[in-house]
Each structure stands twice: as structure tokens, then as C-alpha cells.
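One structure below.
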Amino acid sequence: MTLALIDPASPAEEPACRSASTRRPSKLLQREGAHDVVVPIPDGLELDFGGTLTQKRVVGRLHGKPGAPLIVVAGGISADRYVHRTETKGLGWWSGAVGVRAPIDLTRFRVLAFDFAPEFGEGVTEPKAPLTITTQDQARLLAHLLDHLGVDKVAAFIGCSYGGMIALAFGELFPDWAEQLVVVSAAHRPHPLATAWRGIQRRILQLGLETGRIDQAVGLARELAMTTYRTQEEFGDRFDSEAPSHAGQAYPVCDYLTSRGRAYRDRTTPSRWLTLSDSIDRHRVEPEAISAPVTLVGFTTDRLCPIDDMRELADRLPNLWRFEQHASVYGHDAFLKEDRLVGDILTSVLKDIDQ
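Everything in the sequence shown is counted per full-length UniProt numbering, starting at 1 for the first residue and increasing by one.
Right under this line is the structure:
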């Protein structure tokens with residue numbers, strides 16, 4: 001895989017300080033095929049709550065048609081820049097929505113996905129302690145990426161879960177950069193009960209760090225998280241409640257959760273999870289400050305982002321285009337599982353973008 005570094009010798013200006021007229025589209029936007037884009041960020045970038053971001057770069061990945069209208073796509077805290085199928089990574093995290101002739105059609109659009117801070121992966125030194133990062137901080141990192149690509153306008157920013165929070169923060173900070181926002185399963189603030197669930201997960205991770213049982217802590221925290229992503233109806237349909245022969249043995253649902261936790265151990269680290277989990281609960285935007293047209297997609301069975309919170313967001317947005325509300329047995333994970341439903345909404349929202 002080839003990494004492309006844009007203008008490594010040029011100073012990294014604050015994106016908000018540059019006018020759109022001074023941006024020149026990068027040749028990378030015309031390059032065929034999917035490829036990574038690595039952009040330098042200012043040394044010691046200050047974060048909203050103090051402290052500095054020590055990583056030297058933000059990494060995005062371009063997919064789709066060269067020179068076509070650009071769509072930014074961002075997902076949950078487990079998502080990365082591999083939104084579409086690749087030879088080396090297999091299925092992307094949202095291959096059901098992004099692809100050739102898919103709702104986010106790679107024959108019509110250029111798609112940009114990016115890795116959230118803190119940086120994670122082979123060769124990356126993890127911070128010793130969790131960082132305090134806001135969704136506005138993540139939005140500014142995306143702005144650095146867009147600025148270096150010379151993007152004057154984003155045709156749409158489609159964000160789901162944590163990515164939806166970043167989309168709202170981006171719309172608040174950079175009101176003229178995105179022509180529209182599509183926000184799925186995210187609101188302007190977290191719900192206290194969801195914060196409580198995530199707080200338990202964070203304490204499990206911290207206990208694992210203190211006792212040296214990191215793998216077990218990551219697995220157990222993920223097991224708890226899985227119970228909040230889905231619904232009681234799905235668990236009731238999928239799992240037998242028959243008891244095992246002896247106390248202490250696993251029930252069928254426990255075996256499922258254990259396998260999901262074990263599979264997640266290589267996907268993140270405790271410090272990064274603590275950082276992004278806290279970032280969710282630190283999320284706040286003022287809906288009235290978002291002037292771009294917004295499409296909201298919420299699920300009435302979502303316990304992490306209750307539909308009432310999205311209804312409040314809808315009421316406060318000055319330029320709400322549409323608000324889709326649906327039930328799904330998959331709860332918060334519906335945007336990953338309800339391919340046809342979500343796909344039909346995306347197709348409708350994106351159909352009028354000029355080519």
C-alpha cells in the first residue's frame with residue numbers, strides 16, 4: 001500500500017483561517033483507485049480541554065470516481081478509513097452502503113474516510129495515558145485533511161454514531177464547508193444512561209490496566225458494549241434461555257458475547273478506547289449554530305442514542321431537511337445491519353447532487 005504525503009514542506013495553517021478561494025485541488029483527487037492520503041498536522045496541536053495531540057499526521061483514504069463530488073463518511077469508534085472493500089483488508093466497515101452501484105455509489109462519487117485520533121496501528125507508539133479529545137477536535141483534524149486536499153466544498157458529510165457527532169461538530173465549526181449533513185444515530189449530546197454504560201466499560205478497562213489483565217479487560221468491556229448496541233427483541237429471538245448444568249457455566253448468550261469480546265482484542269487498545277469513549281460523553285454541539293441542511297436518521301429501538309434526543313435535535317436545527325424515524329431489531333447497530341432501509345434513504349438524499 002502506497003502512502004501519499006501532501007506538501008510535506010508547507011506550513012500547516014489552521015484550516016478555518018484560509019478562504020476557499022485559496023485552496024487548489026490536489027492531484028490526488030484525480031488519481032485512479034483507492035489510496036491513502038497522509039497529511040501533516042501542526043506540532044503540539046492544542047486540544048479543546050488542554051493538552052496536546054502528539055501524533056504527526058492524520059490519515060485518510062480516498063475511494064471512488066476521480067474528480068467526482070466528494071462525500072465524507074465516518075462511523076463509530078471502531079471504524080477507520082477502510083470504509084469499502086480492499087484487497088488487503090477485506091470488507092470495509094460499511095461495505096453495505098459504499099461501493100460500485102451501492103447507495104454511496106463509487107461510480108458517481110469520490111468518498112473520503114479517515115482515521116480518528118489518537119492514531120492507532122503498526123508502528124504507532126500509543127500515549128501512556130488516555131487523551132481528552134472532543135468531537136470538535138476530530139472535526140478540526142478532518143478540516144486539515146480537506147484543506148490539504150484543496151477541497152472547497154464537501155457534497156455531503158455522512159456520519160453514523162460517533163461519526164455523526166463529528167459531522168455535527170464539523171457543521172458547527174465550519175458552516176460553509178459541507179453542502180449537507182446526514183446524521184445517523186447521533187444527537188447533539190449523549191444520554192446520561194448511555195454515559196453510565198460507557199463509564200462501566202471504562203472502569204473495566206482501567207482495572208485491566210491496573211492488574212495487567214489487559215486482554216481480558218478489553219474483551220469484557222466489549223461484551224458489555226455489545227449488550228447496549230442491540231435490542232432485547234434480538235437477544236430474545238437469537239438465544240435459548242435454558243440453564244447450563246452447573247452454576248458458573250456459560251449460558252448460550254454468554255458464549256456469544258465471549259466470542260465477540262475475544263474477536264475485538266486486536267481492534268483497539270485500552271488507552272485508545274478510553275480516549276474515544278470519553279470523547280463520546282464529552283460531545284456537545286449547539287444545533288442552532290449548524291446552518292447546513294441536515295438529514296437525520298434515527299431508530300426508535302436505539303438505547304444508546306434515544307429517539308427523543310434526536311427529536312430534540314430535529315426541533316432545534318435551523319435547516320432540517322428530513323427526519324427519518326424507524327424501528328429496528330438491531331437498535332444502535334441498525335445503520336450497519338439494515339442495508340436496504342438505510343440504503344434507500346441514502347439513495348434518496350444523494351440523488352440530486354450534481355455531477
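C-beta: ideal position from N, C-alpha, C; glycine also.
Counted within 10 angstroms of its Cβ, other Cβ atoms place residue i as buried (16 or more) or exposed
| i | result |
| --- | --- |
| Ala225 | buried |
| Glu338 | buried |
| Val100 | exposed |
| Thr295 | buried |
| Phe116 | buried |
| Ile200 | exposed |
| Arg213 | exposed |
| Thr211 | exposed |
| Ser10 | Note on Ser10: pLDDT 43, under 50, position unreliable in the model; no value is reported. |
| Ser348 | exposed |
| Phe49 | exposed |
| Cys254 | exposed |
| Asp302 | buried |
| Ser328 | buried |
| His332 | buried |
| His144 | buried |
| Gln136 | buried |
| Leu142 | buried |
For residue i, three-class secondary structure by DSSP
| i | result |
| --- | --- |
| Val218 | helix |
| Phe114 | strand |
| Thr195 | helix |
| Glu179 | coil |
| Thr107 | coil |
| Val184 | strand |
| Val83 | coil |
| Gly212 | coil |
| Gly90 | strand |
| Glu119 | coil |
| Phe174 | coil |
| Gly164 | helix |
| Thr231 | coil |
| Gly67 | coil |
| Arg23 | coil |
| Arg203 | helix |
Paired residues, beta bridge with residue i - DSSP
| i | result |
| --- | --- |
| Pro40 | Arg57 |
| Ala74 | Gly159 |
| Arg46 | Contrary to the premise, residue 46 reads as Glu rather than Arg in this sequence. DSSP lists Thr52 as partners of Glu46. |
| Leu62 | His35 and Leu112 |
| Val349 | The partner list for Val349 (beta bridge, DSSP) is empty, contrary to what the question assumes. |
| Val100 | DSSP lists no partner for Val100. |
Could I get the ranges of all uninterrupted alpha helix (DSSP H) runs contained in the segment 276-345, with 4 residues as the minimum, in chain order?
307-316 and 334-337
Please give me, in chain order, every unbroken run of the alpha helix (DSSP H) with length at least 4 that falls completely inside the segment 130-162.
135-149
For a minimum of 4 consecutive residues, which ranges assigned as the alpha helix (DSSP H) are wholly contained in the segment 238-271?
For the segment 238-271, whole alpha helix (DSSP H) runs of length 4 or above, ordered along the chain, are 252-263.
Contact between the segment 94-108 and the segment 46-61: three or more CB pairs below 8 Å?
no
Taking contact to mean 3 or more Cβ pairs, one atom from each stretch, closer than 8 Å, check whether the segment 149-169 and the segment 69-77 are in contact.
yes
Three CB pairs or more closer than 8 Å across the segment 179-197 and the segment 158-166:
yes
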